[in-house]
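Order-wise, the sequence lines are chains X and H. Okay, so the first sequence: first residue is 1 according to our numbering, each after it adds one. Okay, so the second sequence: first residue is 1001 according to our numbering, each after it adds one. A short worksheet on the structure shown next.
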Amino acid sequence: EISEKLESALKRIKGHGKISEKNVTDALKDVRLALLEADVNYKVVKQFTDDVKTKALGKEVLTSITPGQLFVKIVYEELRDLMGEGAKEVALAPNPPTVIMVAGLQGSGKTTACAKLARRFSQKGKKGMLIAADIYRPAAVDQLETLGKAVPVEVYYERDEDDAVGIVERGLKAAKSKALDYVIADTAGRLHVDEKMMEELTDIRERVHPHETILVADGMTGQDAVTIAKEFSSTLGIDGVILTKMDGDERGGAALSIRAVSGAPIRYIGVGEKLDALEVFHPERMASRILG
Amino acid sequence: IARGGGDRAGTLESIEELLIGADIGVRTAGAIVEKVGSSGISLNEESVRDTIRNEIISILSGTCQPGVDLLVKPHVIMVVGVNGTGKTTTIAKLAHRYKTAGNQVLLAACDTFRAAAIEQLEIWAGRVGADVVKHKPGADAASVAYDACSAAASRGMDTVIIDTAGRLQTKKNLMDEVAKIGRVTGKVVDGAPHEVLLVLDATTGQNSISQAKAFSEVCGVTGIVMAKLDGTAKGGIVVAIAKELGIPIQFIGTGESIDDLAAFDPETFATALLG
Ligand SMILES: Nc1nc2c(ncn2[C@@H]2O[C@H](COP(=O)(O)OP(=O)(O)OP(=O)(O)O)[C@@H](O)[C@H]2O)c(=O)[nH]1
Ligand SMILES: Nc1nc2c(ncn2[C@@H]2O[C@H](COP(=O)(O)OP(=O)(O)OP(=O)(O)O)[C@@H](O)[C@H]2O)c(=O)[nH]1
Ligand SMILES: [Mg+2]
Ligand SMILES: [Mg+2]
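Now the structure itself:
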């Protein structure tokens, strides 16, 4: 159940009559290695191990007859609690349509996520619309259109339009006139350091006031997850996160980095390319996965 | 400026953190720092950085450079990698490079799975002046590759670049498929695929090693393209890949336009990594 690294951390603490601060510090070295190998950002790891150390040096561990077990329990629970509450899906607004905007880096899985969300809403009997606001990527509109037909959900698009903000605005207007339950605006992938492109997102936000802005992040993201989450959080504001491509063998430490920096709830994980490959986020499962 | 013993440990520790923060990986970072730390060089910060930089350059330059045989026509390049790393865009950049050098380029639309994958490749082909061989969506990817290589051979074209669907390396049936695509090209053109380029995403962490291992085992990767280096991620994982697997880095991707491809240079990369 627990990883090699944690086993070795356990061994450092077990078999000692009395646990010393040094035993805990040494065990934390193994925890640090496990988290770094899992792609958790090194600054987030430092904070995490400091917090665990404080808890672990509490009287409980030092006087327990199974200090190793208790230590591992503290590590696991601290990680699980940091992951946030589970199953906090996107809430539909009291007055429709619920406006959802999806953003993130190039290739993270946004367009696919939009279609998956629409599939999820339609399974709950909601009627909505996808807005194709990626005006840059070749065949982006075709991609969303094709996925939309497969959901099935209506897709609003304007070919040869160079104003993404206007497209979202007009799409929302169309959705209101049809009394739809939700709209999901798919945006172009962009770098958090691209000022002009980040401004496009804040322009969209200011124009249509989304109820939910979702950061779609690649589950295999490494140390950079902290910078990405920080920029999107401070510039745009993130209400929820979807972590994609979690059907691979990556440990997914980006989840902890993103949570630690943005405080936004991870709502779903993408577990495949098909439209039903979207799962509600489970913090305990994520904690176990990261710990390896 | 670090001078004494305590500062020495501090300097090494902060450089190790910088390397970890660049996605070099804790093991490789530790090995590099240990080698430099035990080398007995003067431990002021500048000389530590220089020594680390040189160690990284040496690791990156040490990968075996396969002699790319450009004598066989068409020269067949297969591009592989996990989902969304930048394969299709990289192919457009490569095609542009080959066209600019006077080659006739054919693109094979072997991503027959993802929505609008063929349309995306066709638009790029139009922009760079390359031809496309495609079938209907859902068609067998290997047969598209077969037809593309046959067409290029019969038309006397110089270069075939094969676009494949993104696939996670843990999916056995998809990895079998990419191996099959590679084998099929060899039936049409001697020694094909002459190059197999693995496109990695610079923002990806340690999983890139697992990707490089798996793709290498299944279809023999001859070179790596590290895309999206125009972001804040440093792509340090290539140092670990060079050290553990010896696969050379051929190109880096620095943007979304056809000119945003540069030949990999270990010195420039090592300097940027420590910057
Ligand atoms: N295995 C797997 N693949 C996924 C998942 N989500 C998306 N993908 C794939 O990842 C690739 C990129 O997905 P897109 O939806 O095009 O990503 P994007 O963020 O819209 O890309 P840009 O618009 O170019 O920024 C495609 O091949 C998708 O099929 C997932 O959860 N698992
Ligand atoms: N900033 C930046 N973006 C890039 C780079 N290379 C590709 N992209 C973008 O990354 C996204 C995905 O690129 P694709 O070429 O579709 O990736 P792919 O690997 O073919 O994706 P799949 O076929 O779905 O697996 C697109 O939005 C590209 O414009 C790069 O070097 N820098
Ligand atoms: Mg997209
Ligand atoms: Mg592609």
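All C-beta atoms, glycine included, are put in the ideal place defined by N, C-alpha and C. Predicted model, so just to flag it, every value in this text is computed and none were measured.
Simplified DSSP assignment, three categories, for residue i
i, result
"glutamate 1 of chain X", "Only weak support exists for where glutamate 1 of chain X lies, its pLDDT of 42 falling under 50; the coordinates are left without a value."
"alanine 1117 of chain H", "helix"
"lysine 43 of chain X", "helix"
"arginine 1003 of chain H", "Only weak support is given to the placement of arginine 1003 of chain H: the predicted model assigns it a pLDDT of 44, under 50, and the question is left unresolved by the model."
"threonine 1251 of chain H", "This sequence places phenylalanine at residue 1251 of chain H; threonine is not what is there. Note: phenylalanine 1251 of chain H maps to strand in three-state DSSP."
"alanine 1022 of chain H", "coil"
"methionine 286 of chain X", "helix"
"tyrosine 182 of chain X", "strand"
"valine 261 of chain X", "helix"
"valine 1133 of chain H", "strand"
"glycine 1010 of chain H", "helix"
"valine 1218 of chain H", "helix"
"isoleucine 1161 of chain H", "strand"
"alanine 1109 of chain H", "strand"
"histidine 1075 of chain H", "strand"
"valine 1283 of chain H", "Only positions 1001 to 1275 of chain H appear in this structure, which leaves residue 1283 of chain H out of reach."
"tyrosine 1146 of chain H", "helix"
"methionine 83 of chain X", "coil"
"alanine 988 of chain H", "In the structure displayed, chain H extends from 1001 to 1275; residue 988 of chain H sits before or after that span and is not available."
"alanine 1270 of chain H", "helix"
"threonine 1090 of chain H", "helix"
"threonine 227 of chain X", "helix"
"threonine 1063 of chain H", "coil"
"threonine 1051 of chain H", "helix"
"threonine 49 of chain X", "helix"
"threonine 98 of chain X", "strand"
"lysine 124 of chain X", "coil"
"glutamate 250 of chain X", "coil"
"serine 1039 of chain H", "coil"
"serine 1058 of chain H", "helix"
Of the listed residues the options, nearest to residue i (C-alpha basis)
i, options, result
"arginine 12 of chain X", "X/Thr66, X/Ala260 and X/Met83", "X/Thr66"
"asparagine 1173 of chain H", "H/Arg1049, H/Ala1214, H/Val1128 and H/Ala1227", "H/Ala1214"
"glutamate 1267 of chain H", "H/Leu1060, H/Ile1015 and H/Leu1012", "H/Leu1060"
"methionine 101 of chain X", "X/Asp239, X/Val271 and X/Gly263", "X/Asp239"
"serine 1216 of chain H", "H/Met1226, H/Gln1206, H/Asp1230 and H/Val1196", "H/Val1196"
"lysine 46 of chain X", "X/Glu60, X/Thr25 and X/Leu57", "X/Thr25"
"alanine 1151 of chain H", "H/Thr1185, H/Asp1259, H/Asp1163 and H/Ala1212", "H/Thr1185"
"glycine 1156 of chain H", "H/Leu1106, H/Lys1171, H/Gln1211 and H/Ile1237", "H/Leu1106"
"glycine 1236 of chain H", "H/Gly1220, H/Ala1270 and H/Glu1046", "H/Ala1270"
"threonine 1204 of chain H", "H/Met1226, H/His1194 and H/Cys1219", "H/Met1226"
"cysteine 114 of chain X", "X/Ala229, X/Thr213 and X/Ser262", "X/Thr213"
"glutamate 158 of chain X", "X/Pro152, X/Pro210 and X/Glu169", "X/Glu169"
"leucine 1018 of chain H", "H/Ser1039, H/Val1048 and H/Ser1038", "H/Val1048"
"valine 72 of chain X", "X/Arg32, X/Val261 and X/Ile228", "X/Arg32"
"isoleucine 74 of chain X", "X/Thr54, X/Gly86, X/Lys88 and X/Leu92", "X/Thr54"
"lysine 176 of chain X", "X/Glu284, X/Glu37 and X/Asn95", "X/Asn95"
"glycine 1166 of chain H", "H/Ile1077, H/Glu1046 and H/Arg1114", "H/Arg1114"
"threonine 89 of chain X", "X/Gly171, X/Ala188, X/Lys124 and X/Ala185", "Threonine is not the amino acid found at residue 89 of chain X; the sequence shown has glutamate there. With distances taken between Cα atoms, glutamate 89 of chain X lies closest to X/Lys124."
DSSP beta-bridge partners of residue i
i, result
"leucine 215 of chain X", "X/Ala103 and X/Val241"
"leucine 278 of chain X", "X/Gly270"
"tyrosine 136 of chain X", "In DSSP, tyrosine 136 of chain X forms no bridge with anything."
"aspartate 203 of chain X", "None, per the DSSP bridge assignment."
"glutamate 154 of chain X", "X/Met129"
"aspartate 1201 of chain H", "H/Ala1227"
"threonine 1185 of chain H", "Its beta-bridge partners do not exist; DSSP assigns none."
"valine 1196 of chain H", "H/Met1078"
"threonine 221 of chain X", "H/Thr1204"
"threonine 54 of chain X", "Answer is none; threonine 54 of chain X lacks a bridge partner."
"threonine 1100 of chain H", "In the DSSP output, where bridge partners are listed per residue, threonine 1100 of chain H has none listed."
Interface partners of residue i on chain B, CB under 7 angstroms
i, result
"aspartate 1023 of chain H", "Absence of chain B from the displayed structure is noted, the protein chains being X and H."
Integer Cβ distance of residue i from residue j, believed to fall under 8 angstroms
i, j, result
"threonine 202 of chain X", "threonine 244 of chain X", "Actually they are not in contact, since the Cβ atoms of threonine 202 of chain X and threonine 244 of chain X sit about 23 angstroms apart, beyond 8 angstroms."
"arginine 119 of chain X", "aspartate 249 of chain X", "Not confirmed; about 26 angstroms, so no contact."
"isoleucine 1312 of chain H", "isoleucine 1224 of chain H", "With chain H represented from 1001 up to 1275, any question about residue 1312 of chain H goes unanswered, as that position is not in the structure."
"asparagine 41 of chain X", "serine 257 of chain X", "4 angstroms"
"cysteine 1110 of chain H", "alanine 1153 of chain H", "Not really, about 17 angstroms apart at Cβ, beyond 8 angstroms."
"alanine 1262 of chain H", "aspartate 224 of chain X", "Contact flag wrong, Cβ pair sits at about 20 angstroms."
Q: When you get a sec, list the residues whose CB is within less than 7 angstroms of any heavy atom of ligand 3, chain order please.
A: X/Lys110, X/Thr111, X/Asp134, X/Arg137, X/Ala140, X/Gln143, X/Asp186, X/Ala188 and X/Gly189
(Q) Using only Cβ atoms and a threshold of 5 angstroms, which residues come within that distance of a heavy atom of ligand 4? Order them by chain position. (A) The chain-ordered list of residues whose CB is nearer than 5 angstroms to some heavy atom of ligand 4 reads H/Lys1087 and H/Thr1088.
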